[in-house]
Amino acid sequence: MNRRVVITGLGIISPVGKDIKTYWDNLTKGVCGIQRITQFPVDDMIVKLAGEVKDFNTEDFGVDKGTARRSDRFTQFALAAAQQAMNDSGLSIEPERLGVYIGSGVGGIHTFVSETKKVMEEGYNRISPLFIPMMISNIAAGNVAIAHHAEGPCLPVVTACATGTHAIGEAYRAIKHGYADAIIAGGSEAAVNPIAIAGFTNAKALSREEDPAKASIPFDRRRQGFVLSEGGGIVILEEYEHAKNRNANIYAELVGYGNSCDAYHYTAPKPDGSSAARAIKLALDTASFKEGEKLYINAHGTGTPLNDVSETAAIKLALGEELARKTLISSTKSMTGHMLGAAGAVEFIAAVLTVKTGIVHPTIGLYEPDPACDLNYVPHKAIKQDVDVALSNSLGFGGHNATLAVRKL
């Protein structure tokens, strides 16, 4: 069985928008969602910036108060984005043919921190009975399945920064091979808190810049690291004939997925980019990409010194020097920051909208290009360009590489 898979619904919670229209408008305008942290005091912290989701109210997205109260912030983001995507899709389907593939890189870390504080200050008997079901990484997928009566395959993925991309890729395979007719897929993360910021800071992963305009600057020689952010991205993947028979609005066709591992280092990418290149090449091969077609790549583009150089090398290895230099590339993280397990899904949505609208959003803040990052990263301003195929790259701690390919239908 080898069925076609299309995207029929989109949902987003991000620092630059809590609905698809606002998100896309802000990306194409180059709006930066990075600001000084407001969720807790940062005067004594080295890192003071993040991409926060402001004014988030679960009731605005049809999530009832009881469910919200029993859910960590990362699950609330997933529920809100999934409801948007389902509303957008208008999907009606037998419960056993609907699946959920939603992952998170770190899960309920807010709950973990608050309950640990209770142990330290009040004793073990004060731990909430909801601690475990609020904290575990699979619970966003479980709660979304409950909310939408999805009784088909439910498979959360945890592959650090590649989580959202792998979740969508594995959902694509499940539909392609007949295990479901539609899947609610993506990633969610809410890790903007003192312990996560401190951990990433001491791992030397975060930018210490205090000017938001200079903090998340992928491919720029001044870059220091990534900016931590939060949010969720959800897509509705659907078998093509099922979507066509119900006259669904189809954004694009998901046509390729590549999955590889560096097997090199627990945080650093393989310097030559060869394993990431294999994931890109696998996605292009499944997409039946042909010479002469216009290609766009939504880069992982974190703004860390090692990632941007190795990803540039990977793109050149996968495409060849000539095609790599013709390809338009941009980093959503220059505006949103790095949403960890949600990043791949949020950036996949940007790739889908690029194919749909013929607009390539910019990489903002790129004023002093690194000589080792010498491709066209679309600095400063969006470009109007019809695109045949768009790729979305994600490269996670642990050496996890994933690439998705979408094609205009």
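Taking my numbering, the leading residue of the sequence shown gets 66, the next gets one more, and so forth. In this text, a Cβ means the ideal position worked out from N, Cα and C, and glycines have one as well.
Inter-residue CB distance, residue i and residue j (contact presumed, cutoff 8 Å)
{"i": "Ser475", "j": "Ile282", "result": "This structure cannot speak to residue 475, because the chain is shown only from 66 to 474."}
{"i": "Thr392", "j": "Leu384", "result": "6 Å"}
{"i": "Ser340", "j": "Cys326", "result": "6 Å"}
{"i": "Val471", "j": "Ala455", "result": "5 Å"}
{"i": "Val292", "j": "Ser79", "result": "Not confirmed; about 13 Å, so no contact."}
{"i": "His403", "j": "Ser294", "result": "6 Å"}
For residue i, the first and last residue of its enclosing beta strand (DSSP E)
{"i": "Ser253", "result": "Ala247 to Glu254"}
{"i": "Ile78", "result": "Val70 to Ile78"}
{"i": "Asn363", "result": "Leu360 to Asn363"}
Extent of the continuous alpha helix (DSSP H) run through residue i
{"i": "Ile380", "result": "Pro370 to Leu384"}
{"i": "Gly264", "result": "Pro259 to Asn267"}
{"i": "Leu319", "result": "Run containing Leu319: none in the alpha helix (DSSP H); it sits in the beta strand (DSSP E), Ala317 to Cys326."}
{"i": "Asn152", "result": "Arg138 to Ser154"}
{"i": "Ser179", "result": "Ile174 to Glu187"}
Proximity below 8 Å, CB of residue i to CB of residue j
{"i": "Gly170", "j": "Thr401", "result": "no"}
{"i": "Thr428", "j": "Ser396", "result": "yes"}
{"i": "Ala225", "j": "Phe139", "result": "no"}
{"i": "Ala145", "j": "Gly297", "result": "yes"}
{"i": "Thr228", "j": "Gly409", "result": "yes"}
{"i": "Glu303", "j": "Leu75", "result": "no"}
{"i": "Tyr166", "j": "Ala232", "result": "yes"}
{"i": "Asn258", "j": "Ile174", "result": "yes"}
{"i": "Ala73", "j": "Ile301", "result": "Here residue 73 turns out to be Thr, not Ala, going by the sequence shown. Yes, the pair counts as a contact, with Cβ atoms nearer than the cut-off."}
{"i": "Pro334", "j": "Ser375", "result": "yes"}
Inter-residue Cα distance where the pair is residue i and residue j
{"i": "Leu163", "j": "Arg238", "result": "14 Å"}
{"i": "His299", "j": "Met200", "result": "It should be pointed out that residue 299 corresponds to Ile in this sequence rather than to His. Ile299 and Met200: Cα-Cα distance of roughly 20 Å."}
{"i": "Lys421", "j": "Gly188", "result": "54 Å"}
{"i": "Tyr322", "j": "Val184", "result": "44 Å"}
{"i": "Asp451", "j": "Asp108", "result": "46 Å"}
{"i": "Gly464", "j": "Thr87", "result": "33 Å"}
{"i": "Gln141", "j": "Thr351", "result": "34 Å"}
{"i": "Lys359", "j": "Pro436", "result": "25 Å"}
{"i": "Ala344", "j": "Gly217", "result": "28 Å"}
{"i": "Gly168", "j": "Thr103", "result": "26 Å"}
{"i": "Arg273", "j": "Gly430", "result": "15 Å"}
In DSSP terms, what residue i is bridged to
{"i": "Cys219", "result": "Val165"}
{"i": "Leu469", "result": "Tyr322 and Ser457"}
{"i": "Thr412", "result": "The sequence shown places Glu at residue 412, not Thr. Partner(s): none; Glu412 has no beta bridge."}
{"i": "Lys130", "result": "According to DSSP, which records beta bridges pairwise, Lys130 is partnered with nothing at all."}
{"i": "Gly243", "result": "DSSP lists no partner for Gly243."}
{"i": "Gly116", "result": "Ser294"}
{"i": "Gln104", "result": "DSSP lists no partner for Gln104."}
{"i": "His448", "result": "Note on identity: in this sequence residue 448 is Ile, with His being the wrong assignment. Bridge partners of Ile448: Val425."}
is_contact[residue i, chain B] using C-beta, thresh 8 Å
{"i": "Ala379", "result": "Among the chains in the structure shown there is no chain B, since it carries only a single protein chain."}
Any non-hydrogen atom of the ligand GTP within 7 Å of residue i CB
{"i": "Ser294", "result": "Of ligands this structure carries none, so the ligand GTP is not represented either."}
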